[in-house]
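Enquirer:
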Amino acid sequence: MPSNSIIYLIPSVVAENATETIPAYVQEAVKQCQVFFVENERTARRYLKSIWKEIVIDNYTWVLIDKTNNVATLTAFNSHLKENKNIGIISEAGCPGVADPGQVLTEAAHAAGATIKPLVGPSSILLALMASGMNGQQFQFVGYLPIDTAQRSKTIKELEAESAKKNCTQIFIETPYRNNQLLETLIKTGKPTTKLCVAADITANTEFIQTKTLGQWKSKLPDLHKRPTIFCLHAT
1 MPSNSIIYLI PSVVAENATE TIPAYVQEAV KQCQVFFVEN ERTARRYLKS
51 IWKEIVIDNY TWVLIDKTNN VATLTAFNSH LKENKNIGII SEAGCPGVAD
101 PGQVLTEAAH AAGATIKPLV GPSSILLALM ASGMNGQQFQ FVGYLPIDTA
151 QRSKTIKELE AESAKKNCTQ IFIETPYRNN QLLETLIKTG KPTTKLCVAA
201 DITANTEFIQ TKTLGQWKSK LPDLHKRPTI FCLHAT
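The numbering of the sequence shown is the UniProt record's numbering, which starts it at 1 and goes up by one.
(1) Considering only C-alpha positions, which residue in the set A76, S5 and I89 is nearest to E39?
(2) Taking the beta strand (DSSP E) that Y8 falls in, what are its first and last residues?
(3) Under 6 Å Cβ to Cβ from L127, same chain only, skipping five residues before and after it: list those, please.
(4) At the level of alpha carbons, what is the spacing between Q103 and K67?
(5) What three-state label does DSSP hand I55 in the structure shown?
(6) I'd like to confirm the pairing. Which residues does DSSP put opposite F141 in its beta bridges?
(7) With a CB to CB cut of under 6 Å and the five nearest residues on each side skipped, what residues in its chain are close to A18?
(8) Given a cut-off of 8 Å, decide if N78 and A108 are closer than it, judged by their beta-carbon atoms.
(9) Could you pull out every residue in the same chain whose Cβ sits closer than 6 Å to the Cβ of N180, ignoring the five residues on either side in sequence?
(10) Just checking, does the segment 7-16 make contact with the segment 112-126 on the three C-beta pairs under 8 Å criterion?
(11) Across which residues does DSSP place F208 in a beta bridge pair?
(12) Would you be able to state if there are at least three C-beta pairs under 8 Å between the segment 129-143 and the segment 24-37?
(13) What residue does the beta strand (DSSP E) around T75 start on, and which one ends it?
(14) R152: buried (16+ other C-beta within 10 angstroms of its C-beta) or exposed?
(15) Return yes when the Cβ of L221 is within less than 8 Å of the Cβ of E160, no when it is not.
(16) Give me the Cα-Cα distance between I51 and T211, rounded to the nearest whole angstrom.
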């Protein structure tokens, strides 16, 4: 028998305290939930309190999404589905299921016949693409590039070649404390004519978004150390 649960995919802010980026109807969805699956319980509780000050945190069941053990998380999730509980899935930043471990829960919800309700909210990936001026019709998000220097350079060249061949935008990220090293590697490895959009601190007061060729970036590099950043690359 299909589950009667409703699964709300609840977006969260991509910049701290930027609650103005969250639509009012998200609060109404939160009120319908009985259980929350979250990446970080402390920050998720604080976030929900920021968009709904009257929330009574202890009235809800909180389950941590264990990135190292999908089986344990799915077991708990399926148990709540069988009880027909309404469940909220909250990403640590942005939209659940997009470059996010919440995807496996949504997959399980479909298998159980539950209703899925994606809610509108900020996605740093899409916001960076929107602002890049690059091809928004053909693009791919490839996540993190390899840490190994040789492998990283090889991957950058492959992404650049694929972008030129398919006229597609390549989108990727790095751990914030390694952003500067990645930017330097991109400039050393890529062609001077290849365009790169650097989108840092999206929706924050310190937001920085610029698109230049790698040759142009070479003259003056922004300091991206410990700043959440999305990189978009397009070659011709």
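We put the beta carbon where it would ideally sit given N, CA and C, even for glycine. Quantities reported herein were computed from a predicted structural model and do not represent experimental measurements.
Expert: Looking at the atomic coordinates:
(1) I89
(2) I6 to I10
(3) I202
(4) 11 Å
(5) DSSP, reduced to helix, strand and coil, places I55 outside both helices and strands of the structure shown, so it counts as coil.
(6) I171
(7) T203
(8) Going by C-beta atoms, A108 is nearer than 8 Å to N78.
(9) L224 and H225
(10) yes
(11) A200
(12) no
(13) From DSSP, T75 is part of no beta strand (DSSP E) but of the alpha helix (DSSP H) over N70 to K82.
(14) buried
(15) no
(16) 33 Å
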